[in-house]
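Data first, discussion second: the structure below is written as structure tokens.
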Amino acid sequence: MNNVERISILEKSISIKTDGHNEQELAEYFKKILKDHNIESTEIPFATGRSNLIVSMGHGDRILGLTGHMDTVNIGPLSDWKSDPLVLTDMDGKLFGRGTSDVKGGLVALIIALIEIKDEGIDLGGQIRLLATGGEEKGQLGSASLLGHQLISDLDALIVAEPSRLSNPKSGKSTQFAIFGQNGVLDFEIISKGKSAHSSMPELGINAIDNLQEYMNQQKNYFDHMVQINDSVLGKIIPVNSIISGGEQINSVPSYAKLTTKVRTTTMVNANRIISDLEDIISEMNKVADMNLELNVLRQLDPVVTSKDSSIIKLVSLYGPEFFKQKITLRTVAGTTDAATFISENDRMDIVQIGPGNNSSHMANEYIFKQDFIDYIEFIKKIIVSYLNDELVKDI
Numbered sequence: 009m010n011n012v013e014r015i016s017i018l019e020k021s022i023s024i025k026t027d028g029h030n031e032q033e034l035a036e037y038f039k040k041i042l043k044d045h046n047i048e049s050t051e052i053p054f055a056t057g058r059s060n061l062i063v064s065m066g067h068g069d070r071i072l073g074l075t076g077h078m079d080t081v082n083i084g085p086l087s088d089w090k091s092d093p094l095v096l097t098d099m100d101g102k103l104f105g106r107g108t109s110d111v112k113g114g115l116v117a118l119i120i121a122l123i124e125i126k127d128e129g130i131d132l133g134g135q136i137r138l139l140a141t142g143g144e145e146k147g148q149l150g151s152a153s154l155l156g157h158q159l160i161s162d163l164d165a166l167i168v169a170e171p172s173r174l175s176n177p178k179s180g181k182s183t184q185f186a187i188f189g190q191n192g193v194l195d196f197e198i199i200s201k202g203k204s205a206h207s208s209m210p211e212l213g214i215n216a217i218d219n220l221q222e223y224m225n226q227q228k229n230y231f232d233h234m235v236q237i238n239d240s241v242l243g244k245i246i247p248v249n250s251i252i253s254g255g256e257q258i259n260s261v262p263s264y265a266k267l268t269t270k271v272r273t274t275t276m277v278n279a280n281r282i283i284s285d286l287e288d289i290i291s292e293m294n295k296v297a298d299m300n301l302e303l304n305v306l307r308q309l310d311p312v313v314t315s316k317d318s319s320i321i322k323l324v325s326l327y328g329p330e331f332f333k334q335k336i337t338l339r340t341v342a343g344t345t346d347a348a349t350f351i352s353e354n355d356r357m358d359i360v361q362i363g364p365g366n367n368s369s370h371m372a373n374e375y376i377f378k379q380d381f382i383d384y385i386e387f388i389k390k391i392i393v394s395y396l397n398d399e400l401v402k403d404i
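Residue numbers (the working numbering): 9 to 404.
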């Protein structure tokens, strides 16, 4: 496949709007082009108009997973864009469009790599399994729906095609990273229940906002202590109070208030530990008359950490410079990917995040460097064949 043909597949993918819906249309497009190259694929729906797409190739005991998501974030105000976000636009060596960086560019590159491996008749020596997911940007709905389908538990390693080429805004230089660890996630809400009364007679009510404020002081003290604990790989936890709501009207004592908090967790300070500690605080506070607090966990994902000595990390580090013209830098990130969902079913597989995207993700005028897109296709082909060939892995 030449570069014009490669870019035309990305162009069509960008034209299909998938901002939190409609992944099925994109999955069916991918299914058609794969079929044109004698590659079978399977759609797995998870909601109306929303699907994952699964591709399996090769035979053998060793299985390498590849993943990227089909959905994007919202386009935002069109006035912020200098080109149509649903039309792939080539300017100054960059390909602009919503999803180019996060993560249609990476996903399309994976699909093209599989097509070219098939067309070239390359002997894999093992199996490839592509997991093209939907719903990643809001709750990782697609990846969660794949659990229980016997698609994750036998993977030996997983490559996540999320953006990993980050630019320094001061120097303008960019670095190609391979990400071997990501923080976990704990989303929770604290609900404070009180009793409404007229604001002229507050003594007849119970102020849920005041009670929630008392709790928030306790939670702040707790997290001020916990952020001092430094995980040797993932660093410190990152707690953020994101939403506060409560009250009905200005002349009433509020009977209800709610705090929503997100914490980026580590292996040392994990979600279970935080939940247990906060429940102890709430239990103690609820012993006081008129205090009625409860904690509800909204989302919980474990951290993802892979050894730097794993085969997949070594291969990426070895061959990366050949294709990206620079040393591959290993690092961790606070953000999460579908990998965090997948490890709940297979915590033994090695995971690396490396993709052609950059830190224009989620922004207006999102782009991917054309050369990065092309180089990544060749890079992934090399990694797939090298990883699935036991002899090459042993030689490292």
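From the three backbone atoms N, C-alpha and C, an ideal C-beta is built for every residue, glycine too.
DSSP places M99 inside the beta strand (DSSP E), whose first and last residues are 97-99.
Three or more beta-carbon pairs drawn from the region 353-362 and the region 159-176 are found closer than 8 Å, and the two stretches are therefore classed as touching.
Of the candidates Q227, E256, Q158, the residue whose Cα lies closest to the Cα of S204 is E256.
Taking 7 Å as the cut-off, the Cβ atoms of G68 and G28 do not count as close. DSSP places T50 in the strand class (E or B) of the three-state scheme. Ranked by Cα distance from L212, the first of G202, N219, L220, T345 is G202.
S352 and D100 have their alpha carbons spaced roughly 42 Å apart.
Taking a C-beta distance under 7 Å as the contact criterion, F377 and Q184 do not qualify as a contact pair.
Secondary structure at G189: strand, using DSSP grouped into helix, strand and coil. Each residue's CA atom was taken as its position, placing E13 and I22 some 15 Å apart. Taking every protein chain shown into account, the CB of R137 has 16 or more other CB atoms within 10 angstroms, so this residue is buried. Secondary structure note for L323: it is in no beta strand (DSSP E), and the uninterrupted alpha helix (DSSP H) holding it is 319-332. With contacts defined as CB atoms closer than 7 Å, D298 and I214 qualify as a contacting pair. The shortest C-alpha to C-alpha distance from I385 to any of V168, I258, G114 is the one to G114.
Under the three-state reduction of DSSP output, H206 falls in the strand class. By the criterion of at least three beta-carbon pairs nearer than 8 Å, the region 145-157 is in contact with the region 46-61. Per the coordinates, the alpha-carbon of E302 lies some 22 Å from the alpha-carbon of H233.
Annotation for S64: no alpha helix (DSSP H) segment contains it, though the beta strand (DSSP E) segment containing it runs 58-66.
Its Cα nearest to that of L42, the residue D127 stands out among D127, N82, S253, R356. Scanning E292, N191, R356 for the CA closest to the CA of V312 turns up N191. Between the C-alpha atoms of R307 and F38 there is a straight-line separation of about 31 Å. Take the alpha-carbon of A165 and the one of G156: they are about 18 Å apart. With respect to D79, E31 sits close: the two C-beta atoms are nearer than 7 Å. Distance from L34 to L96 at the Cβ level is roughly 14 Å; contact not present, criterion being Cβ atoms closer than 8 Å.
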